[in-house]
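One structure is given below, encoded as structure tokens.
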Amino acid sequence: MKKIFLFLLLGSSVVSIAQETTINDALRYATSNLYGTARFRGMSGAFGAVGGDLSAINVNPAGSAFFTNNFGSISGTSFNILNNSNYFGTKTKENYSTLDLNQIGAVLVFNDKSGKSNWSKIAVAINYENTNNFDNNLFSAGVNPSNSISQYFVNQANYIANTDFNDYQYEMAYETYIINEDTSTPNLYVSNVPSGGNYYQDYYATSSGYNGKLTVNAATSYKDKLFLGLNLNAHFTDYVLTTSLYESNDNPANSGAQPTVRNIIFDNQLNTYGSGLSLNVGAIYKATESLRLGVAYESPTWLRLNDELIQDLYTNGNENVPSGDINRYYGSPIFVFPTYKIQTPSKVTLSGAYIFNKKGLISIDYAMKDYSNTKFKPTSENLYRDLNIQMHNQLDNTYELRIGGEYKIKQWSVRGGYRFEESPYKVDYAMGDLTGYSAGLGYSFGKSKLDMAYSYDHRNYNLAFVSSGMNDTARIRTTNNNVTLTYSVNF
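To convert, note that position 147 of the sequence shown is 147 in this note's numbering; the numbers rise steadily by one, no gaps.
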């Protein structure tokens, strides 16, 4: 059994809680944020033709060949996330801050000074970075004028797949009086939440975890003009999403002896964990001493994932029920789903950098990524086939632009950057474009350096409180304000 039970009935690409697999479960691993060293973040990651930074090798593996000495760095980041929500005119916000050690790595440089070979340098590096930090809190609330969350359970009960998970959604809703069999149509279920609209609903979500990447890198240079590099990457992920959805109503009670449900609390906890592999290849060419051109390819990431889900359902203040059932609770076991696979899209980055008399530089990266190539596997199974078709139709070939600059004043370095990333969707209703800015400072003590960077980005998206049955969404604007500190040393 795979966890994609009602996806065909969903029919909309909105971020939602995880009762069923959606496109956004794949995008959680297909997209990555801008992390790494403070120098890298201070220039908004525009390092594809610059090199000489441990985070830069994630953009272009040839960059490690620009180190002149053995080098190591460690980075920590203060993450601050602000989520502003608008749900049917009610505005709420939730702020979350955390500290994380997000990068550590080193590079060894081997120079051939004999002059007997045109391949004069080899660099070998190992680097660990978080590619995504999932720590986040979100709260959204408002009065829905027409739709109850009970429609999610009605859909589950009337769905003909009869999977174990689908049957359990029906059972927990039936036992808490949310649904009843339609007296006029056998085997068809209806909601016991009274009609009339104006359902107060609030949704609270807290998530934790990370996507991490361990990179083993090798690079070399030919006549100090052409630089070539290769990365082998091991990926790790551990993601926990806990959600609580509450609904209340004071509509007129259902007629006759039909139960009437006043309050619903639906809690979910999803844990996704697993690992994967990918590789990068890249080249940087010194057209002149000042001008560098780069090209890099990042393969798909092949992830092998596992999901575990726990659900709890409560109803309170029930009417037209036995006296002991005014408040009802039904809790699930741990659903352990079979292992599945995700293949993320590949990425191509074209880069250029101009060095000003070793005092400063300006760098531009242009990256292309076709999210429509994202796949759940095995593709031979019909359930994944339909989801993959939907991703192919709804996701797009996107671009990312990064521009960064650096200028040195004696021991000081001043940096700045800009970043724009297109939405993965052809129609960006579900998730909008990302825009970011950055600034940074660095000070060299000789053999060691201390760098600091501030980065800002924002993105809008739409959130559905349940993954099917009602498609009303809250508009969310997520803003990240991050400060990174890196200590590095030549040895």
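The beta-carbon is built from N, C-alpha and C at its ideal position, and this holds for glycine as well.
Just so it is clear, the structure is predicted and the values come from calculations on it, not from any experiment.
With a cut-off of 9 Å, does the C-beta of N233 fall near any C-beta of chain D?
Among the chains in the structure shown there is no chain D, since it carries only a single protein chain.
Taking its Cβ as the centre, do 16 or more other Cβ atoms sit within 10 Å of T185, making it buried, or is it exposed?
In the sequence shown, counting from the first residue as 1, residue 185 sits at position 185. Under this definition T185 is an exposed residue.
Taking just the CA atoms, how far does D250 sit from I265?
Locating residue 265 in the sequence shown gives position 265, counting from the first residue. Locating residue 250 in the sequence shown gives position 250, counting from the first residue. Rounded to whole angstroms, I265 to D250 spans 16 Å at the Cα level.
Going by other Cβ atoms of all chains shown within 10 Å of its Cβ, with 16 needed for buried, is Y329 buried or exposed?
Numbered from 1 along the sequence shown, position 329 holds the residue referred to as residue 329. Exposed, because fewer than 16 other Cβ atoms sit within 10 Å of the Cβ of Y329.
With a Cβ-Cβ cutoff of 9 Å, do V295 and L350 count as a contact?
Taking the sequence shown and counting its residues from 1, the one referred to as residue 295 is at position 295. Taking the sequence shown and counting its residues from 1, the one referred to as residue 350 is at position 350. Yes.
Count the other CB atoms within 10 Å of the CB of E406; is the residue buried (16 or more) or exposed (fewer)?
For this step, residue 406 is matched to residue 406 along the sequence shown. With 16 or more other Cβ atoms within 10 Å, it is buried.
Find out if the Cβ-Cβ distance for the pair I178, T315 is shorter than 9 Å.
One-based indexing of the sequence shown puts residue 178 at position 178. One-based indexing of the sequence shown puts residue 315 at position 315. It is a contact, given that the beta carbons lie within the stated cut-off.
Along the chain, where does the beta strand (DSSP E) containing Y168 start, and where does it finish?
Here residue 168 corresponds to residue number 168 of the sequence shown, with the count starting at 1. Element bounds for Y168: not the beta strand (DSSP E) but the alpha helix (DSSP H), 164–175.
Which stretch, first to last residue, makes up the alpha helix (DSSP H) that contains V154?
Translated into positions along the sequence shown, residue 154 becomes position 154. Unbroken alpha helix (DSSP H) run through V154: 150–158.
Given L214, which residues of its chain have a CB within under 6 Å of its CB, disregarding the five upstream and five downstream residues?
Here residue 214 is taken as the residue at index 214 of the sequence shown, counted from 1. Closer than 6 Å at Cβ, skipping near neighbours: Y128, A234.
Confirm the yes/no value for this check: CB of F227, any heavy atom of the ligand COA, distance under 8 Å.
The ligand COA is not part of the structure shown, which contains no ligands of any sort.
Apart from the five residues on each side of it in sequence, which residues of its chain come closer than 6 Å, Cβ to Cβ, to S207?
Locating residue 207 in the sequence shown gives position 207, where the first residue counts as 1. Same-chain partners within the cutoff: F134, N136, L241.
Should the segment 317–334 be called in touch with the segment 48–66, which here means at least 3 C-beta pairs below 8 Å?
no
Among all the DSSP beta bridges, which residues are the ones paired with F266?
Within the sequence shown, numbered from 1, the residue matching residue 266 stands at position 266. DSSP, once it has assigned bridges, lists L245, L313 as partnering F266.
Based on Cα-Cα distance, which residue from R475, Y174, S444, A253 lies nearest to S195?
Here the question's residue 195 lines up with position 195 in the sequence shown. Here the closest residue by C-alpha is A253.
For the alpha helix (DSSP H) holding L27, just list the boundary residues, first then last.
Here residue 27 is taken as the residue at index 27 of the sequence shown, counted from 1. Note, L27: alpha helix (DSSP H), 23–30.
Helix or strand or just coil, what does DSSP make of S13?
What you label residue 13 is simply residue 13 of the sequence shown in a count that begins at 1. The pLDDT assigned to S13 is 35, lower than 50, so where the model puts this residue is not dependable, and the model offers no usable value.
Taking 9 Å as the cut-off, decide whether the C-beta atoms of N231 and I403 are in contact.
Start at 1 with the first residue of the sequence shown, and residue 231 comes out as number 231. Start at 1 with the first residue of the sequence shown, and residue 403 comes out as number 403. Going by C-beta atoms, N231 is not nearer than 9 Å to I403.
Beta-carbon within less than 6 Å of A283's beta-carbon, same chain only, minus the 5 sequence neighbours each way: which residues are those?
Looking up residue 283 in the sequence shown gives position 283. Correct list, in chain order: A62, L228, V295.
Could you check which residue in A26, S32, N24 has the C-alpha nearest to that of E298?
Taking the first residue of the sequence shown as 1, we reach residue 298 at position 298. Answer by Cα proximity: S32.
Using DSSP's beta-bridge definition, name the partner residues of N111.
Residue mapping note: residue 111 aligns to position 111 of the sequence shown, counting from 1. DSSP, once it has assigned bridges, lists K121 as partnering N111.
Assuming T260 and N192 make a contact with CB atoms under 8 Å, what is their CB distance in whole Å?
The count along the sequence shown starts at 1 and reaches residue 260 at position 260. The count along the sequence shown starts at 1 and reaches residue 192 at position 192. The pair is a contact, with the Cβ atoms about 6 Å apart (cut-off 8 Å).
Are the Cβ atoms of L101 and G72 separated by less than 9 Å?
Here residue 101 is taken as the residue at index 101 of the sequence shown, counted from 1. Here residue 72 is taken as the residue at index 72 of the sequence shown, counted from 1. No, the pair does not count as a contact, with Cβ atoms beyond the cut-off.
Just curious, the beta strand (DSSP E) that F71 is in, first and last residue?
Numbered from 1 along the sequence shown, position 71 holds the residue referred to as residue 71. Element bounds for F71: 71–87.
What residues in its chain sit with their C-beta under 6 Å from that of T176, if we drop five residues either side in the sequence?
Here the question's residue 176 lines up with position 176 in the sequence shown. For T176, where only same-chain residues beyond five positions count, the Cβ hits under 6 Å are L313, T315, R328, Y330.
Count the CB pairs spanning the segment 439–449 and the segment 470–479 that are closer than 8 Å, and state whether there are at least three.
As far as the Cβ criterion goes, the segment 439–449 does not touch the segment 470–479, which means the pair count is below three.
Going by C-alpha to C-alpha distance, which of F491, G440, G142 sits closest to A464?
Residue 464 sits at position 464 when you count from the first residue of the sequence shown. Of F491, G440, G142, the residue nearest in Cα terms is G142.
Output the residue ranges of the beta strand (DSSP E) runs that lie fully inside the segment 37–67 and measure 3 residues or longer, sorted by chain position.
Within the segment 37–67, no complete beta strand (DSSP E) run reaches 3 residues.
What does the alpha-carbon distance come out to for the pair L387 and G417?
Counting from 1 along the sequence shown, the entry for residue 387 is found at position 387. Counting from 1 along the sequence shown, the entry for residue 417 is found at position 417. Each residue's alpha carbon lies about 37 Å from the other.
Please state the DSSP three-state secondary structure of D457.
Mapped onto the sequence shown, residue 457 falls at position 457. The answer is strand: DSSP assigns D457 an E or B state.
Identify which residue in S97, L245, L34 has its Cα closest to the Cα of F103.
Reading the sequence shown from its first residue, position 103 is the one you call residue 103. For the sequence presented, residue 103 should be read as Gln rather than Phe. Cα-wise, what sits closest to Q103 is L34.
Could you work out which residue in T243, A453, V281, Y273 is closest to D267 when comparing CA atoms only?
Numbered from 1 along the sequence shown, position 267 holds the residue referred to as residue 267. Selected option, being the one with the closest Cα: T243.
Going by Cα to Cα distance, which pick from Y199, S78, W302 is closest to N263?
Reading the sequence shown from its first residue, position 263 is the one you call residue 263. For N263, the nearest C-alpha among the options comes from Y199.
Answer yes or no: do Q390 and K426 have a C-beta to C-beta separation smaller than 9 Å?
By 1-based counting over the sequence shown, the position of residue 390 is 390. By 1-based counting over the sequence shown, the position of residue 426 is 426. No, the pair does not count as a contact, with Cβ atoms beyond the cut-off.
Please return the same chain residues whose Cβ sits closer than 6 Å to the Cβ of G209, not counting the five positions on each side in sequence.
Locating residue 209 in the sequence shown gives position 209, counting from the first residue. F134, D238, Y239, V240.
So, at 6 Å on beta carbons, what are the nonlocal neighbours of S455 in its own chain, with the 5 sequence-adjacent residues on each side left out?
For the purposes of this step, residue 455 is taken as the residue at position 455 of the sequence shown. Taken in chain order, the residues that qualify are R41, S438, N482.
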